[in-house]
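For the sequence shown, the residue numbers in the numbering used here are 637 to 774.
The structure under discussion appears below in the form of structure tokens.
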Amino acid sequence: MFTRFEPGRLLRLALKGDALASGGAGLLLVAASGPLAGPLGLPQPLLSWAGLLFLPWAALVGWLGTRPDLTTVTVWTVIVLNTIYVVDCVAVLILGWLSPTGLGIAVVLAQAAAVLALAQAQLLGLRQSTRPRRLAVA
């Protein structure tokens with residue numbers, strides 16, 4: 637069901653925070669993927685492509701954070717995609733698909749933790765926004 641609702645303050649902040657973090661990370665990765673690759677032990681093309689993918693994501697979630705109303709399906713999609721991203725980051729490290737340095741591991745885990753925190757804030761914001769409101773009795 638495509639239930640429409642007015643997003644509350646927390647959900648708007650979580651979406652805009654996601655946009656700022658994703659946009660900042662995207663710009664940094666696109667601009668500095670070469671210099672970052674060595675210290676992080678991550679391939680330069682991976683960093684560049686990740687940065688390029690973060691930019692439209694940032695635009696999308698930023699735009700969603702400004703909408704007067706949203707659908708629950710839209711917000712759940714953002715939450716699920718953020719959660720998948722976190723799982724993918726951890727899986728890359730656990731399964732040994734890449735060989736990052738200690739700094740690279742720390743950066744991957746730190747940004748995964750940040751994305752998880754944003755997803756949790758988005759979930760809490762969704763719940764607060766769609767909770768039935770009690771009318772004040774005068």
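All C-beta atoms, glycine included, are put in the ideal place defined by N, C-alpha and C.
Three-way DSSP call (helix, strand, coil) for Phe-641 in this model: strand
query: Measuring CA to CA, which of Thr-707, Thr-766, Gly-701, Leu-731 is closest to Gly-653?
result: Gly-701
query: In the segment 695–758, which residue ranges form an unbroken alpha helix (DSSP H) of at least 4 residues, counting only runs that do not cross its ends?
result: 708–730
message: Check this for me: beta carbons of Ala-650 and Leu-752, under 8 angstroms apart or not?
response: no
task: Kindly list the residues whose CB is nearer than 8 angstroms to the CB of Leu-759, restricted to its own chain and excluding five residues on each side of it in sequence; keep chain order.
output: Ile-715
field: Backbone secondary structure at Ala-681 - three-state DSSP
entry: The question names Ala, yet the displayed sequence has Pro at residue 681. Three-state DSSP puts Pro-681 in a helix.
message: At the level of alpha carbons, what is the spacing between Val-840 and Trp-685?
response: No statement about residue 840 is possible, as the shown extent of the chain runs from 637 to 774 and does not include it.
query: By Cβ distance, which residues of its chain are closer than 6 angstroms to Ala-757, with the 5 residues on each side in sequence left out?
result: Ala-650
Cβ contact check for the segment 669–681 and the segment 735–742: 3 or more pairs under 8 angstroms: yes
Neighbourhood of Leu-646 by C-beta, 7 angstroms cutoff - its chain only, sequence neighbours within 5 removed: Ala-757, Leu-760, Gly-761, Gln-764
query: Does DSSP put Arg-767 in a helix, a strand or coil?
result: coil
message: Checking 8 angstroms against the spacing of the C-beta atoms, do Thr-713 and Phe-638 come in under that value?
response: no
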